Ligand SMILES: [Fe+2]
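Residue numbers (the numbering used here): 2 to 384.
Rendered as structure tokens:
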């Protein structure tokens, strides 16, 4: 299938392009549990194709190394035992060179497979593998930022990749009338299983901001003492603030009295007009409470999102990550992809400055635990 082959080559190459500016040592470290070493992402996304496509579907395929299943299986219980997540940074082997050799071995076999006829089912699994790799490309960007941004030397990753997104032109509120609306994916292109099935929701009239909250606006929240005032916070959020002594978004630094932020270009003066970033759900909800407003639900976001620009930040919603009505897990190991994570996480909508091209949709449901700050997260207000 020529079209799929072109997509395969482009997407696989992009993962390696993301890592091109790294030093070998940058590939290996895991500063916190949620941040995986870049070399692990490169190996794991390759393992996905080897395990779910090549081993079951390419005749006479020989595994690159049988031990890699233990090292690069992320969370698939169906596939067996694996290295625990927090130990990914302890893997000095396989080496970075070994992992690049693994990638090229699997890519050769995939090109052989893609040269022949494919069943619709197999093409579907390969397409899932490509969207999976794109999710890891976004994680590569965010994890690389964390690794370099927590190095005391604040090394730059790239002078050209921009963290900020477009400056806000001053926010106004759109009014969306009450009514019965439909949300969820409908169409013939790819979507993840968590975007199905499409269903009706009733929404009361609501207002939603046409711009994201900026760094300057968030700075007002800090200067008003909101990080020291329990009234704006969920109990869990207030515990998190006190326990971790939080006073600002991740990557913000006060240097000689000046507000700075770590960006891909290194430590830079905070851009007050750029959308605020790297705040967790607790902070987003507290900011909204301080403003006397709230975060939108995911249904409100999806319906209104045809009327405003989005794509610079993953936007926290007020919705818990739950299955849509009629959600079913796919049979086999890929059934573990999304469904088993539908507890204790919040939905984020939109996309971010590091989301790969072609990997965002109005119906896309991202999800993170409320304490997570390391993604390119932002705030859109509703009332
Ligand atoms: Fe994965």
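Heads up, the beta-carbon is just placed ideally off N, CA and C, and yes, glycines get one too. All of these numbers come straight from a predicted model, not from anything done at the bench.
Asked: Which same chain residues, not among the five before or five after residue 346, have their C-beta less than 7 Å away from its C-beta?; Found: 322, 368, 369 and 370
Asked: Pick helix, strand or coil for residue 110, following the three-state DSSP scheme.; Found: helix
Asked: Quick one: is the Cβ of residue 45 within less than 7 Å of any heavy atom of ligand 1?; Found: yes
Asked: Among residues of its own chain, excluding the 5 on either side of residue 3, which ones have a beta-carbon nearer than 6 Å to its beta-carbon?; Found: none
Asked: Quick one: give me the first and last residue of the alpha helix (DSSP H) that residue 140 is part of.; Found: 121–150
Asked: CA-CA distance, residue 85 and residue 166?; Found: 35 Å
Asked: Output needed for residue 140: all residues of its chain with C-beta closer than 8 Å, excluding positions within five of it in sequence on either side, in chain order.; Found: 37 and 42
Asked: What does the alpha-carbon distance come out to for the pair residue 198 and residue 155?; Found: 45 Å
Asked: Which of the three DSSP states is assigned to residue 14 in this structure?; Found: helix
Asked: What ranges does the alpha helix (DSSP H) occupy inside the stretch 271–336, keeping only unbroken runs of at least 4 residues that lie completely in it?; Found: 282–291 and 299–305
Asked: Can you give the Cα-Cα distance for residue 145 and residue 284, rounded to whole angstroms?; Found: 23 Å
Asked: With a floor of 4 residues, list each alpha helix (DSSP H) that falls wholly inside the stretch 45–118, ordered by position along the chain.; Found: 69–73 and 97–116
Asked: On the three-state DSSP scale, how would you describe residue 247?; Found: coil
Asked: When we look at the beta-carbon of residue 105 and count the other beta-carbons within 10 Å, is it buried (16 or more) or exposed?; Found: exposed
Asked: Around the C-beta of residue 200, are 16 or more other C-beta atoms found within 10 angstroms, so that it is buried, or is it exposed?; Found: exposed
Asked: At a cut-off of 7 Å, would you count residue 75 as near ligand 1, judging by its Cβ distance to the nearest heavy atom?; Found: yes
Asked: Please state whether the Cβ-Cβ distance between residue 337 and residue 161 is less than 8 Å.; Found: no
Asked: Can you find a heavy atom of ligand 1 that lies under 7 Å from the Cβ of residue 132?; Found: no
Asked: Let's see if you can read the secondary structure: which residues bound the alpha helix (DSSP H) around residue 367?; Found: First-last for residue 367: 367–369, but that is the beta strand (DSSP E), not the alpha helix (DSSP H).
Asked: Within the same chain, show all residues whose beta-carbon is closer than 6 Å to that of residue 310, passing over the 5 residues directly before and after it, in chain order.; Found: none
Asked: Residues in the same chain with beta-carbon distance under 8 Å from residue 331, minus the five sequence neighbours each way, listed in chain order, please.; Found: 194 and 338
Asked: Is residue 344 buried or exposed, if buried means 16 or more other CB atoms sit within 10 Å of its CB?; Found: exposed
Asked: What did DSSP end up calling residue 265 once you bin it into helix, strand or coil?; Found: coil
Asked: Could you say which of 58, 269 and 45 lies nearest to residue 70 if we only look at CA atoms?; Found: 45
Asked: Following a CB-centred definition, is residue 58 positioned closer than 7 Å to any heavy atom of ligand 1?; Found: no
Asked: Locate the beta strand (DSSP E) running through residue 184, then write down its first and last residues.; Found: 180–184
Asked: Under 7 Å: does the beta carbon of residue 254 sit that close to some heavy atom of ligand 1?; Found: no
Asked: Measure the C-alpha to C-alpha separation of residue 306 and residue 364 and round it to an integer number of angstroms.; Found: 10 Å
Asked: Taking 7 Å as the limit between beta carbons, can you name the residues of its chain near residue 269, skipping five residues before and five after?; Found: 261 and 262
Asked: Can you tell me which of the three DSSP states residue 354 falls into?; Found: coil
Asked: What are the uninterrupted segments assigned as beta strand (DSSP E) that are 3 or more residues long and contained completely in the stretch 153–204, given in chain order?; Found: 174–177, 180–184 and 200–204
Asked: Is there at least one non-hydrogen atom of ligand 1 closer than 7 Å to the beta-carbon of residue 137?; Found: yes
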